[in-house]
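Protein chains in written order, with my numbering: chain A, 459 to 705; chain B, 459 to 705.
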């Protein structure tokens, strides 16, 4: 058996999410089917981030074990061939040691959340950003976001179905950048709770609209109650951009 | 009757092109249907650029005449409402004088052509760029492109079904910019022949691959024969970005 690590990009729009589910097509299942079509092996793939339905990835990391002898390049090209015409692509593949685990070896994850603020609905960027028809104050959002950076109990920003053992996480970075009508939110942590990025974005949008202050963000965090924070931002603006491992 | 000018964005993927045709849905028809749904008037819309099937617009300009009294803002919002869920959006609307003509008043058009050079197929950018699985030499393309800038007979880069009276056009700008794995080609002229941008890009790609030199581009232009130039680049990489009018 050889273990391979794959770097994977996908449009999450047509899928129920990364993880295999009864109710529809998942990215995990699509990858496993493509591997089966290539080598006839029923492999189990493990992803670093279990992205939800509609969430995209520019840099998901996946590992899998294959009995058949093949090069990483052959695996990459063959899986891409069998994934056609689905919007999933293996950007790179590498042979790794048997101790490498896409999820448990990861020491950092980065997400990007895109908001497009304009009056007109989205045409070319539809499904690739959250459409917000009013301008948002990015500077106020940036200031408020700093209340969330650091080690905290993120219960207020955690989905009720989150399976993590502890709600305490260390948020390394939460930066808001404005580029014309686009607001880009960069989040980095060792790991995130379920819906944590989307729930933080949903609350920061209230700050951007002037409905919440930075103190409201701090109070929501301190409440340790999901009902104290803002709504969950929609999935289509979220991109898993990078997963980091010890070098 | 009041004449309005609309700034329109669309994903050309699902359409037969800007222009109304027998064989499928056009952007023009979708806009006219939305106007009818709003005010019950069967208007004729005129676009500045007759984009082909699959070609996108970030800044198409359209004019139309409406009998019903309404503000430009109302028209913009109502047309966007009735366009749903199609990937077409009116970014802005303005009342203009009866002499304004989206096509004939235009004094400049700008296009962007996007190429993504990478081994893996496109997932998130599928339908939004030309996928080229090998690296291209952008510097060589930039140098070769300068042979095409200026006033020339562009017969070699003109579709056989082009209806323009003359093949002589003045190309103001053709610049190739590299950003990581993306090559962005910027083209500007008062007007273009049918398929001119895509045919120029198809030939420049041969230069990028090292199969053609800059002299080959010059020779293709001088031949005044479509067969002397390279193939037509696919529509999904092309975006009409801007139309200019006298201020």
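Yeah, the Cβ is synthetic: ideal placement off N, Cα and C, and Gly gets one too.
Practice problem: Please confirm if the stretch 571 to 583 of chain A is in contact with the stretch 614 to 632 of chain A, defined as three or more CB-CB distances below 8 Å between the two stretches. | Solution: no
Practice problem: Look at the alpha carbon of residue 706/B and the alpha carbon of residue 668/A, and state the distance between them as a whole number of angstroms. | Solution: The structure shown has nothing for residue 706/B, since chain B only spans 459 to 705.
Quiz item: Can you find a CB in chain B that lies within less than 8 Å of the CB of residue 686/A?
Solution: Stepping through the first chain from its first residue, residue 686/A is reached at position 228. So, not an interface residue.
Quiz prompt | Partner residues on chain B for residue 584/A, Cβ-Cβ distance less than 8 Å | solution = Position 126 of the first chain, counted from the start, is the residue given in the question as residue 584/A. 469, 545, listed in chain order.
Practice problem: Note down, in chain order, every chain B residue with its Cβ under 7 Å from the Cβ of residue 514/A. | Solution: Taking the first residue of the first chain as 1, we reach residue 514/A at position 56. By Cβ distance, chain B contributes 582.
Exercise. Name, please, each residue of chain A whose Cβ falls closer than 8 Å to the Cβ of residue 538/B.
Key: As a first step, residue 538/B must be located in the second chain, where it is residue number 80. Those are 578, 579, listed as they occur along chain A.
Quiz prompt | Span of the beta strand (DSSP E), counted from its first residue to its last, around residue 700/A | solution = Translated into positions along the first chain, residue 700/A becomes position 242. From DSSP, the beta strand (DSSP E) with residue 700/A extends over 696 to 702.
Quiz item: At a cut of 8 Å, does the stretch 537 to 557 of chain A reach the stretch 459 to 466 of chain A through at least three beta carbon pairs?
Solution: yes
Quiz item: Using a Cβ-Cβ cut-off of 7 Å (strictly less than) and excluding sequence neighbours within five positions of residue 636/A, which residues of its own chain qualify?
Solution: Taking the first chain and counting its residues from 1, the one referred to as residue 636/A is at position 178. Excluding positions up to five away in sequence, the list reads 596.
Self-check item: Residues sharing a beta bridge with residue 552/A, DSSP
Solution: Taking the first residue of the first chain as 1, we reach residue 552/A at position 94. Per DSSP, 463/A.
Quiz item: Does the count of Cβ pairs from the stretch 604 to 624 of chain B and the stretch 653 to 662 of chain B closer than 8 Å reach three?
Solution: yes
Quiz item: Between the C-alpha atoms of residue 586/B and residue 675/A, what's the straight-line distance to the nearest angstrom?
Solution: For the purposes of this step, residue 586/B is identified with residue 128 of the second chain, where counting begins at 1. For the purposes of this step, residue 675/A is identified with residue 217 of the first chain, where counting begins at 1. Roughly 38 Å between the two C-alpha positions.
Practice problem: Taking C-beta pairs closer than 7 Å, name the residues in chain A that residue 548/B reaches, listed in chain order. | Solution: As a position in the second chain, residue 548/B is number 90, starting the count at 1. Neighbours of residue 548/B on chain A, chain order: 578.
Quiz item: Exposed or buried, which one is residue 648/B when buried takes at least 16 other CB atoms within 10 Å?
Solution: Here residue 648/B refers to the residue found at position 190 of the second chain. Classification of residue 648/B: exposed, given that the 10 Å Cβ count is below 16.
Quiz item: In three-state terms, what does DSSP make of residue 647/B?
Solution: Here residue 647/B refers to the residue found at position 189 when the second chain is read from its first residue. Correct three-state label for residue 647/B: strand.
Quiz prompt | Reduced DSSP secondary structure (H/G/I, E/B, other) of residue 509/B | solution = Along the second chain, read from residue 1 onward, the residue named residue 509/B stands at position 51. Residue state, collapsed to three classes: coil.
Exercise. Name, please, each residue of chain A whose Cβ falls closer than 9 Å to the Cβ of residue 542/B.
Key: Stepping through the second chain from its first residue, residue 542/B is reached at position 84. Correct list: 579.
Practice problem: Note down the Cα distance separating residue 571/A from residue 671/A, rounded to an integer number of angstroms. | Solution: Looking up residue 571/A in the first chain gives position 113. Looking up residue 671/A in the first chain gives position 213. The alpha-carbon atoms of residue 571/A and residue 671/A are separated by roughly 20 Å.
Quiz prompt | C-beta atoms of residue 634/B and residue 603/B nearer than 8 Å | solution = Against the second chain, residue 634/B aligns to sequence position 176. Against the second chain, residue 603/B aligns to sequence position 145. Going by C-beta atoms, residue 634/B is nearer than 8 Å to residue 603/B.
Self-check item: Option in 478/A, 680/A, 665/A with minimal Cα separation from residue 487/A
Solution: Taking the first residue of the first chain as position 1, residue 487/A is located at position 29. The shortest C-alpha separation from residue 487/A is found at 478/A.
Quiz item: Helix, strand or coil for residue 474/B per DSSP?
Solution: Along the second chain, one-based indexing puts residue 474/B at 16. Of the three classes helix, strand and coil, the one that applies to residue 474/B here is coil, per DSSP.
Practice problem: Please specify which runs of the alpha helix (DSSP H), each continuous and at least 4 residues long, are wholly inside the stretch 573 to 660 of chain B, giving them in chain order. | Solution: 596 to 603
Self-check item: As assigned by DSSP and simplified to three states, the class of residue 567/B
Solution: Residue mapping note: residue 567/B aligns to position 109 of the second chain, counting from 1. Strand, per DSSP.
Quiz prompt | Sequence-distant residues of the same chain with beta carbon closer than 6 Å to residue 492/A, five excluded per side | solution = On the first chain, residue 492/A is found 34 positions in, with the first residue counted as 1. Excluding residues within five positions, the ones whose Cβ falls inside 6 Å are 537, 540, 541.
Quiz prompt | Spatial neighbours of residue 484/A in its chain, beta-carbon cut-off 8 Å, leaving aside the 5 residues before and after | solution = As a first step, residue 484/A must be located in the first chain, where it is residue number 26. Here the set comprises 473, 474, 475, 476, 477, 478.
Quiz item: What are the start and end residues of the alpha helix (DSSP H) that includes residue 482/B?
Solution: Residue mapping note: residue 482/B aligns to position 24 of the second chain, counting from 1. Segment: none, residue 482/B is in no alpha helix (DSSP H) and carries neither H nor E.
Quiz item: By DSSP, does residue 519/B sit in helix, in strand, or in coil?
Solution: As a first step, residue 519/B must be located in the second chain, where it is residue number 61. Looking at residue 519/B - three-state DSSP - the assignment turns out to be strand.
Quiz item: Starting from residue 536/A and walking both ways along the alpha helix (DSSP H), at which residues does that stretch end?
Solution: Against the first chain, residue 536/A aligns to sequence position 78. Unbroken alpha helix (DSSP H) run through residue 536/A: 530 to 541.
Quiz prompt | Closest residue to residue 556/A among 655/A, 687/A, 460/A (Cα-Cα distance) | solution = Stepping through the first chain from its first residue, residue 556/A is reached at position 98. Among 655/A, 687/A, 460/A, the Cα nearest to that of residue 556/A belongs to 460/A.
Exercise. Go ahead and pull the three-state DSSP assignment for residue 495/B.
Key: Within the second chain, the letter at position 37 stands for residue 495/B. Helix, per DSSP.
Quiz item: Are residue 553/B and residue 526/B touching if we call contact CB-CB under 8 Å?
Solution: Taking the second chain and counting its residues from 1, one reaches residue 553/B at position 95. Taking the second chain and counting its residues from 1, one reaches residue 526/B at position 68. It is not a contact, given that the beta carbons lie outside the stated cut-off.
Quiz item: If we count the other Cβ atoms within 10 Å of its Cβ and call it buried at 16 or more, is residue 534/B buried or exposed?
Solution: Taking the first residue of the second chain as 1, we reach residue 534/B at position 76. Buried, since its Cβ has 16 or more Cβ neighbours within 10 Å.
Quiz item: Is the CB-CB distance between residue 698/A and residue 489/A below 8 Å?
Solution: Here residue 698/A refers to the residue found at position 240 of the first chain. Here residue 489/A refers to the residue found at position 31 of the first chain. Result no, Cβ atoms of residue 698/A and residue 489/A do not sit closer than 8 Å.
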